[in-house]
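Undergrad: Please read through the structure below; I'll follow up with questions.
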Amino acid sequence: MTTSSEIAVVTGASTGIGAATVRALAGRGYHVLAGVRREQDAPNVEGRNVEPVILDITDPVQIGSLAARVGEAPVKALVNNAGIAVNAPVEALPLDEWRHQFEVNLFGHIAVTQALLPALLRGNGRVVNISSIGGKLALPTYGAYAGTKFALEAVSDALRRELAPHGVEVVVVEPGGVRTEMNSRGTAVANRLAADMTPEQRERYGPLVRAIVSHSAAFTKAGKSAEDAAKIVAKAVTERRPRTRYTIGRDAALMSRLSRALPDRVLDRVLAADLRPHFS
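This is the structure we're talking about:
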């Protein structure tokens, strides 16, 4: 058990894995700075040992305010959890959507990490980056989302090797299906983007998009609860000698192994077979 003088920072804390992680770390005695994007989200995370902070990780001013709040105090853990899912075929996804996905899921995490690294170094702290099984393999229409997660995996490897001599651990957590609000938001975005496709694109990709939406809903429904996922994240934060990567759920563990073991063409057929029942 730690003491409430030890600071942990969690981004994307208003719902889902982020909110559950805040509760898990606060219960272990950390003083948790819980990043939420809107004032009205603060009550979702308020509680003992929890201090909501307004934080849009794409806003340099708000990141600066977080660093100022930390000041000269040491930080024991930074959980980079904030994220969005924007799913559409590569051809049909506007470049602005690509850029926004990378701003939130990659560059925002880098910006927060850079801002808090002096405090993490003071505290011999730990960076925990919430990636995805999408950081190991990319389903169709997941090009942008998986691209951000593949990139986050690579940045995490580089950062781990840079900081190991200085006493800061870097850990990646790769969830599979988790029952959170991200799926419903992602479905709404996928449907909006599908409606904006040209007639030719809808003819090419319409059945695929509908199948992916159905597959995502089933994958999420069968997944872990946010509370179960948060236990793994808390383990990544608190274990004395953490692994470099943790998966959440048997689906993530299986797909991670398959991505390493199977040739690309065989993996293509396995993923196509998994998706086939969702075509109507």
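In terms of this note's numbering, the sequence shown opens at residue 33 and continues consecutively.
Cβ atoms here follow ideal geometry from the backbone N, Cα and C, with glycine treated the same way.
This structure is a prediction, so every number in the text was calculated from the model and none was measured.
(1) In whole angstroms, what separates the C-alpha of V77 from that of V221?
(2) Under the three-state reduction of DSSP, which class applies to P207: helix, strand or coil?
(3) Specify whether the stretch 265–285 and the stretch 196–205 touch according to this definition: at least 3 beta carbon pairs, one from each stretch, less than 8 Å apart.
(4) Give me, in chain order, the residues of the same chain whose beta-carbon lies closer than 7 Å to that of A261; leave out the 5 immediate sequence neighbours on both sides.
(5) Check each candidate in V159, K108 and Y174 and name the one with the smallest Cα separation from I165.
(6) Let me know if F251 comes out buried or exposed under the rule of 16 or more other beta-carbons within 10 Å of its beta-carbon.
(7) Pull up the DSSP beta-bridge partners for V42, would you.
(8) What are the uninterrupted segments assigned as alpha helix (DSSP H) that are 4 or more residues long and contained completely in the stretch 154–236, given in chain order?
(9) For the putative contact between V118 and E129, defined by C-beta atoms under 8 Å, what is the C-beta separation to the nearest angstrom?
(10) If you drop the 5 nearest sequence neighbours on each side, which residues of the same chain put their C-beta closer than 7 Å to that of A284?
(11) Please classify V93: does DSSP put it in a helix, a strand, or coil?
(12) In whole angstroms, give me the CA-to-CA distance for V111 and V160.
(13) Helix, strand or coil for G103, going by three-state DSSP, please let me know.
(14) On the DSSP letters alone, give me the boundaries of the beta strand (DSSP E) that R380 sits inside.
(15) Grouping DSSP H, G and I as helix and E and B as strand, with all else coil, what is S37?
(16) Is E271 helix, strand or coil by DSSP?
(17) For T180, I'd like the list of residues in its chain whose CB is within less than 7 Å of its CB, leaving aside the five on either flank, ordered along the chain.
TA: Working from what's here:
(1) Computed Cα separation, rounded: 26 Å.
(2) In this structure, DSSP gives P207 an extended state, which the three-state scheme calls strand.
(3) With contact defined as three or more Cβ pairs closer than 8 Å, the stretch 265–285 and the stretch 196–205 are in contact.
(4) If we look at A261 and ignore the five residues flanking it on each side, its Cβ neighbours are I49, A52, P207, V210 and I280.
(5) The candidate whose alpha carbon is nearest that of I165 is Y174.
(6) Buried is the label assigned to F251, since at least 16 other Cβ atoms lie within 10 Å of its Cβ.
(7) Paired residues: A66 and V111.
(8) Within the stretch 154–236, the runs of alpha helix (DSSP H) that reach at least 4 residues and sit entirely inside it are, in chain order, 175–195 and 214–227.
(9) Correct: roughly 5 Å between the Cβ atoms.
(10) Closer than 7 Å at Cβ, skipping near neighbours: I165, E206, P207 and G208.
(11) The answer is helix: DSSP assigns V93 an H, G or I state.
(12) So the two alpha carbons sit approximately 5 Å from each other.
(13) Here G103 sits in coil by DSSP.
(14) Past the edges of the chain, shown from 33 to 312, lies residue 380, and the structure says nothing about it.
(15) Of the three classes helix, strand and coil, the one that applies to S37 here is coil, per DSSP.
(16) Taken through DSSP and simplified to helix, strand or coil, E271 comes out as coil.
(17) Leaving aside the five residues that flank T180 on each side, the residues in its chain whose CB is nearer than 7 Å to its CB run, in chain order, Q133, F134, N137 and L138.
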